[in-house]
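The block underneath contains the structure these notes are about, expressed in structure tokens.
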Amino acid sequence: MHNLSILSRRLTVEVPGSATISCWQVPQGVSCSAAITSPDCDGFCSIQLSGSVQTRCSIVQKPSSVMESVSAASTHFTLDLFKKITSNNKTGNVFFSPISISSSLAMVYPGARGDTATEMSKCLHFYRAGDNLHDGFNKLFSELNKAEAAYSLSLANRLYGEKSYEFVEKFLADTKKHYQAELEPVDFRFDAEAARVNINTWVEKQTQGKIKNLLANGVVDSLTTLVLVNAIYFKGNWEKKFKESATREQPFKLNKNDTKPVKMMYQKSKFNFTFIPEVQCQILELPYIGNELSMLIMLPSVMEDDSTGLEKLEQQLTYDNLMEWTRPDMMEYVTVNVGLPRFKMEDSYNMKETLSGMGMVKAFDGGDFSGMSPRNDLLLSEVVHKAFVEVNEEGTEAAAATAAVMIMRCAPLPPTSFIADHPFLFLIRHNPSKSILFYGRFCSP
Numbered sequence: 001m002h003n004l005s006i007l008s009r010r011l012t013v014e015v016p017g018s019a020t021i022s023c024w025q026v027p028q029g030v031s032c033s034a035a036i037t038s039p040d041c042d043g044f045c046s047i048q049l050s051g052s053v054q055t056r057c058s059i060v061q062k063p064s065s066v067m068e069s070v071s072a073a074s075t076h077f078t079l080d081l082f083k084k085i086t087s088n089n090k091t092g093n094v095f096f097s098p099i100s101i102s103s104s105l106a107m108v109y110p111g112a113r114g115d116t117a118t119e120m121s122k123c124l125h126f127y128r129a130g131d132n133l134h135d136g137f138n139k140l141f142s143e144l145n146k147a148e149a150a151y152s153l154s155l156a157n158r159l160y161g162e163k164s165y166e167f168v169e170k171f172l173a174d175t176k177k178h179y180q181a182e183l184e185p186v187d188f189r190f191d192a193e194a195a196r197v198n199i200n201t202w203v204e205k206q207t208q209g210k211i212k213n214l215l216a217n218g219v220v221d222s223l224t225t226l227v228l229v230n231a232i233y234f235k236g237n238w239e240k241k242f243k244e245s246a247t248r249e250q251p252f253k254l255n256k257n258d259t260k261p262v263k264m265m266y267q268k269s270k271f272n273f274t275f276i277p278e279v280q281c282q283i284l285e286l287p288y289i290g291n292e293l294s295m296l297i298m299l300p301s302v303m304e305d306d307s308t309g310l311e312k313l314e315q316q317l318t319y320d321n322l323m324e325w326t327r328p329d330m331m332e333y334v335t336v337n338v339g340l341p342r343f344k345m346e347d348s349y350n351m352k353e354t355l356s357g358m359g360m361v362k363a364f365d366g367g368d369f370s371g372m373s374p375r376n377d378l379l380l381s382e383v384v385h386k387a388f389v390e391v392n393e394e395g396t397e398a399a400a401a402t403a404a405v406m407i408m409r410c411a412p413l414p415p416t417s418f419i420a421d422h423p424f425l426f427l428i429r430h431n432p433s434k435s436i437l438f439y440g441r442f443c444s445p
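Just so we're aligned, residue 1 is where the sequence shown starts under UniProt numbering, counting upward by one.
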């Protein structure tokens with residue numbers, strides 16, 4: 001008999017080139033012999049079983065493109081940011097766009113120097129992309145914004161600079177080259193309110209009217225020198241729509257004791273599905289038309305803790321686990337009875353305190369941004385983020401904006417039902433690059 005510590009052991013082996021092999025020993029089995037058919041193969045390596053116990057062996061691909069290296073950096077940041085946001089918000093709804101926040105700060109990053117740049121790189125995980133960071137964002141934006149896509153998605157950047165201020169030409173050239181971010185001169189010094197209205201109008205237009213008043217009164221003033229803005233808008237229809245006639249009011253469990261009514265959408269169809277036994281969680285993929293974008297929903301099978309029931313899942317949600325759990329070849333295409341709430345969420349975040357708490361301190365206090373200005377008198381005064389999402393029978397509409405202001409599994413047979421009538425995590429992913437465009441937690445209608 002093997003004890004529990006051995007049964008739960010994970011082994012990771014680096015393979016020269018492109019892959020990592022991960023093996024788990026689980027209660028159903030003892031050993032396996034595995035051979036990789038190709039260093040670049042995507043999915044399972046070959047498995048042989050011996051004895052009465054089974055071991056799973058899978059290959060986790062390393063990022064194979066500049067786009068994927070940026071995606072890996074952004075996903076690490078996504079999970080860190082989610083943990084920070086929810087550390088003081090255990091039971092509330094959460095929704096944000098990590099790609100919007102990352103890219104707006106990536107525009108600032110070329111101007112940072114010394115410890116300021118080091119802290120930003122560590123907090124935002126930019127070091128994982130290395131020299132590919134800006135090329136990776138550029139390629140990702142081109143891929144997301146392509147005209148022939150089956151979904152509607154736009155991602156835009158812009159710089160608003162004090163018209164009397166001198167910026168380093170290379171900084172302006174780099175942000176234009178990699179982020180298509182033109183500098184618009186504005187008069188912060190003598191008419192900050194007009195500049196604020198101008199910025200908010202641009203954001204509202206870019207997000208199809210979903211993000212209004214991104215910069216509230218007082219966020220910019222006569223001392224503001226530069227505002228870097230990113231706006232993202234997405235609208236996609238489900239590949240398999242929910243019939244409105246099937247939608248009905250159902251109780252949604254907030255916790256073990258309390259419920260609230262919600263409009264629950266239903267359908268029975270084939271979807272990619274998996275069950276993660278170590279966290280007792282079901283994962284369902286709902287693709288949008290074209291299959292380039294999907295919503296992935298992570299739903300605990302039971303509400304084990306006394307709050308949202310998400311505690312165990314959130315604790316185990318590391319980058320490696322998320323990549324492993326949501327790999328296409330780890331999911332099965334099966335018939336599932338799906339129940340999903342119709343919901344709408346809007347969230348706003350002033351990110352200064354959050355990012356400082358994640359180690360990005362100097363950027364907001366005495367930082368070195370000499371790569372932006374020969375005067376080296378800039379600092380980041382605030383990072384403002386606002387996000388919106390609506391999920392209904394047709395599909396999903398989501399938007400977000402960020403402004404940086406400077407002053408296969410060895411698992412049981414899948415259940416036939418995936419009824420999201422209690423709190424769950426969800427994300428909207430660009431499948432080719434594995435980039436998380438939006439990330440959220442739904443706890444209450």
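The C-beta atom is built at its ideal place from N, Cα and C for all residues, glycine as well.
| Item | Value |
| --- | --- |
| What are the uninterrupted segments assigned as alpha helix (DSSP H) that are 4 or more residues long and contained completely in the segment 62-89, given in chain order? | 66-86 |
| Would DSSP call Phe-273 helix, strand or coil? | strand |
| Tell me which same chain residues have a C-beta within less than 7 Å of the C-beta of Lys-122, skipping the five on either side of it? | Gly-359 |
| Am I right that Ile-211 and Ala-231 are in contact with their C-beta atoms under 8 Å? What's the rounded C-beta distance? | 7 Å |
| For Lys-235 versus Tyr-151, is the C-beta distance shorter than 8 Å? | yes |
| Within 10 angstroms of the Cβ of Met-162, are there 16 or more other Cβ atoms? Answer buried if so, exposed if not. | Correcting the residue type first, residue 162 is Glu in the shown sequence and not Met. So Glu-162 ends up on the buried side. |
| Nearest-angstrom Cα distance between Phe-442 and Lys-263? | 14 Å |
| Could you please give me the residues that DSSP links to Trp-238 through a beta bridge? | Tyr-288 |
| For the alpha helix (DSSP H) holding Ile-428, just list the boundary residues, first then last. | Looking at the DSSP string, Ile-428 is not in any alpha helix (DSSP H); the run it does join, the beta strand (DSSP E), is 424-430. |
| Count the other C-beta atoms from every protein chain shown that fall within 10 angstroms of the C-beta of Asn-157, then say buried if there are 16 or more, exposed otherwise. | buried |
| Does Asn-88 pass the burial test, meaning 16 or more other C-beta atoms within 10 Å, or should it be called exposed? | exposed |
| Quick one: give me the first and last residue of the alpha helix (DSSP H) that Thr-175 is part of. | 169-179 |
| For Arg-342, report the span of its beta strand (DSSP E) as first-last. | Arg-342 -> no beta strand (DSSP E), and no H or E assigned at all. |
| Taking the alpha carbon of Val-338 as the point to measure from, which residue in Ala-399, Met-298, Phe-369 has its own alpha carbon closest? | Met-298 |
| With distances taken between CB atoms, is the gap from Leu-296 to Ile-276 smaller than 8 Å? | no |
| Looking at C-alpha atoms only, which residue of Leu-81, Ala-149, Val-66 is the closest neighbour of Asn-291? | Ala-149 |
| Can you tell which of Phe-369, Ser-356, Phe-126, Ile-289 has the C-alpha that lies nearest to the C-alpha of Leu-153? | Ile-289 |
| Have a look at His-178, Glu-143, Val-229 and flag the residue whose alpha-carbon is nearest the alpha-carbon of Glu-184. | Val-229 |
| Return yes when the Cβ of Ser-102 is within less than 8 Å of the Cβ of Leu-124, no when it is not. | yes |
| When the Cα atoms are used, what is the spatial distance from Tyr-349 to Lys-386? | 6 Å |
| Can you give the beta carbon distance from Ala-112 to Ala-399, rounded, assuming they're within the 8 Å contact cut? | Contact doesn't hold; Cβ gap of about 28 Å is too wide. |
| What first and last residue would you give for the beta strand (DSSP E) that runs through His-125? | No beta strand (DSSP E) holds His-125; DSSP gives it neither H nor E. |
| Just how far apart, CA to CA, sit Lys-344 and Gln-208? | 16 Å |
| Thinking just about the alpha-carbon of each residue, which of Leu-425, Tyr-165, Asp-131 is nearest to the one in Val-227? | Tyr-165 |
| From this set, Tyr-179, Asn-213, Glu-193, which residue's C-alpha is nearest Trp-202's C-alpha? | Asn-213 |
| I'd like to know whether the C-beta atoms of Arg-342 and Val-384 end up nearer to each other than 8 Å. | no |
| Reducing DSSP to helix, strand and coil, say where Phe-369 ends up. | coil |
| Using only alpha-carbon positions, find the residue among Gln-316, Leu-355, Lys-352, Thr-274 that is nearest to Thr-326. | Thr-274 |
| Return the CA-CA distance between Glu-324 and Lys-434, expressed in angstroms with no decimal places. | 12 Å |
| Suppose the cutoff is 6 Å on Cβ atoms and the five residues either side in sequence are ignored; what does the same chain contact list for Val-389 look like? | Phe-95, Met-345, Ala-398 |
| Can you tell me the Cα-Cα spacing of Leu-427 and Ile-436, whole angstroms? | 7 Å |
| What number of angstroms, rounded off, separates the C-alpha of Val-186 from the C-alpha of Ile-99? | 26 Å |
| On a CA-only basis, which of Asn-376, Pro-445, Phe-418 is nearest Phe-167? Give me that one, please. | Asn-376 |
| Go ahead and label Ala-173 buried or exposed: buried means 16 or more other beta carbons lie within 10 angstroms of its beta carbon, across all protein chains shown. | exposed |
| To which residues of the same chain is Phe-141 closer than 6 Å at the C-beta, ignoring the five residues directly before and after it? | Leu-155 |
| Within 10 angstroms of the Cβ of Leu-159, are there 16 or more other Cβ atoms? Answer buried if so, exposed if not. | buried |
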